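A short worksheet on the structure shown next.
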Amino acid sequence: MKSEDASKRIAEDFDEKACEFCDRYKESGLSASSKILLGFLTDDGIRGKSLLDLGCGAGAFTLEALKAGATNTVGMDLSAVMIKTASDLAGSSGFGAVAMFQVGNAAETDLPACDIVVLDKVICCYPDFSKLLGNAGGASRESLAFVIPRNAGLIGLFLRPGAWLMNLFEKRRKGSLFYMHSLDRIDAVLKSHGFEQSRRKASRIWLAFLYHRAHTPT
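As numbered in the numbering used here, residues 528 to 745 make up the sequence shown, in order.
Okay, here's the thing in structure tokens:
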């Protein structure tokens, strides 16, 4: 699938889910895996840091990062409806002045430099994850945190056939696809961009990771 076709399908699918995402956050807060990811960042020291939330959706993670002490945030998403929803939610929550949102493709857009870059259940939407991670890594001064499908062990063994069946249905309706990328390949790409894995934790069908920019010996 061409990159522009994949981007269009993602945008259209998530345009339809914006209200659902917003309502779910208002009712239940962050998902379990997103809470783990935020915990990684708070343990690491999020207070006073800038954060770039790629594939930000309705802005749930962005708002929780600001509540945890991030000074300013930028959220980006392919879905214009998601961006409108996130902007409205930030404004009504009192964070309109420090939370900026924009429509864009995180794999191709020139990204603003931030201390922390987050991709919460975003890598699985992109067919070319290496381009996405390269662009995201280039924007990160300190760390990169993400949640991806648990493509390992027995869970991965059960997830892969399920993902194949789901994608078969999505292809027929010309929807966006769900990609279970290799954990080793993701790690190799991030290492090639100067990052090292710091933390990893599972949550049901998801894996949360925290990578730090490797220190260069002086």
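Ideal placement from N, C-alpha and C gives every residue a C-beta, glycine not left out.
The structure presented is a predicted model; accordingly, all values stated were derived computationally and were not measured.
Rounded distance between the beta-carbons of residue j and residue i, thought under 8 Å
i, j, result
"L660", "L717", "6 Å"
"F673", "L710", "Not a contact, Cβ separation roughly 11 Å."
"L568", "L557", "That belief does not hold up - the Cβ atoms of L568 and L557 are roughly 12 Å apart, past 8 Å."
"T589", "G602", "5 Å"
"C549", "L616", "6 Å"
Neighbourhood of residue i by C-beta distance below 7 Å, restricted to the same chain and skipping five residues each side
i, result
"S725", "L737, Y738, H739"
"E772", "Nothing can be reported for residue 772, as the shown portion of the chain is limited to 528 through 745."
"R574", "G596"
"F622", "L590, L593"
"G682", "One point to set straight first is that residue 682 is Ile, not Gly, in the sequence displayed. Result list for I682: I732, in chain order."
Where residue i sits in the DSSP three-state scheme
i, result
"E543", "coil"
"T612", "helix"
"E635", "coil"
"C583", "coil"
"F696", "helix"
"V716", "helix"
"S703", "coil"
"I563", "helix"
Residue i - partner residues in DSSP beta bridges
i, result
"T600", "L578, A626"
"C641", "S667"
"F548", "None; F548 has no bridge partner."
"D647", "V674"
Burial state of residue i (16 or more Cβ within 10 Å)
i, result
"W733", "buried"
"S667", "buried"
"E591", "buried"
"F685", "exposed"
"R536", "buried"
"K594", "exposed"
"S534", "buried"
Contacts around residue i, its chain only, beta-carbon distance under 8 Å, and the 5 residues preceding and following it disregarded
i, result
"F705", "C651, C652, P676, A690, M693, N694, E697"
Contacts around residue i, its chain only, beta-carbon distance under 6 Å, and the 5 residues preceding and following it disregarded
i, result
"H708", "F656"
"T745", "Annotation note: pLDDT 37 at T745 (below 50); position unreliable, no value reported."
"V608", "D542, A545"
"S560", "V674, S730, W733, A735"
"K658", "A634"
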